[in-house]
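This note's numbering applies: residue -2 is where the sequence shown begins, and numbers increase by one.
Backbone N, C-alpha and C define an ideal beta-carbon position, used for all residues, glycine too.
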Amino acid sequence: MIYKFKVLSDEDDKFFMDIEISSDQTFYDLHELIQDELEYDSSHLATFFIANHNWQKKQEISLLEMDGKSAEKTVTMDKAVLANYIKDAHQKLIYLFDFINDRSFFIELMETKAEAVNHYYPICTDFGGEIPPQFSKKSTKKNPIFDEDETDSDIFSAKKATPVIDEDFDEDFGHESFDKDINFEIDDDALIEEEEEPEPEEDTEQHEEDPDDE
-2 MIYKFKVLSD EDDKFFMDIE ISSDQTFYDL HELIQDELEY DSSHLATFFI
48 ANHNWQKKQE ISLLEMDGKS AEKTVTMDKA VLANYIKDAH QKLIYLFDFI
98 NDRSFFIELM ETKAEAVNHY YPICTDFGGE IPPQFSKKST KKNPIFDEDE
148 TDSDIFSAKK ATPVIDEDFD EDFGHESFDK DINFEIDDDA LIEEEEEPEP
198 EEDTEQHEED PDDE
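Here's what the structure looks like:
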């Protein structure tokens, strides 16, 4: 048996995606198709919820097994066969794909039909509208390094490097003094005179004549 689902978004009335998938396939197969067709980054978490007619979330079917506090064991997508959870002729599902901003797709079963010969499932059979971005541009998650009352300009201005100037120095020499020539007196007594190297002494001794020279 083939399930035909319609995927809708509350952010764009023109967006829709029709999906056909076999009843013996899993929620993970459905998840992969949605991610691939919309060219989303599949490394991020996503989860399904079985919903009632009023789109109220019931049982969760998650991508990964979580260490939940609930006594009910977590059901993962790869182990959840669609036929075991699709019990209504207009079964509704919620696909949460943006955890930070709580954004979801709304999936409804439109019809069931026989499987076509030589047909690969799941498959997207129809598509319309613009693809909603995977993550909202305006994230509701606050940056933890900023305080609530601080702005970006406050943060960066606070981090500007300020010159270290001694207060006494600043009083003695204003900015105008640096435009003038400053003469520094040098204490002559502080100079170290170079010691002149003594000239070599002349050899005053006369050598005795060697009598053999005569």
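- Taking C-beta atoms under 8 Å as the contact rule, A43 and Y92 qualify, at a distance of about 7 Å.
- DSSP places Y92 inside the beta strand (DSSP E), whose first and last residues are K89 to D95.
- Pairing E112 with D95, the inter-Cα distance amounts to about 32 Å.
- Contact holds between the stretch 2 to 18 and the stretch 120 to 136, because three or more Cβ pairs, one in each stretch, are under 8 Å apart.
- Looking at the backbone, the Cα of T109 and that of A80 are separated by about 11 Å.
- Of all alpha-carbon atoms in A77, E105 and R100, the one lying nearest the alpha-carbon of A86 is that of E105.
- With 16 or more neighbouring CB atoms inside 10 Å of its own CB, K89 falls in the buried class.
- The three-state reading of DSSP puts Y0 in strand, counting E and B together.
- By the neighbour-count definition (other C-beta atoms within 10 Å, threshold 16), I31 is a buried residue.
- The closest CA to that of F2, considering only Q131, I128, F132 and F124, is found on F124.
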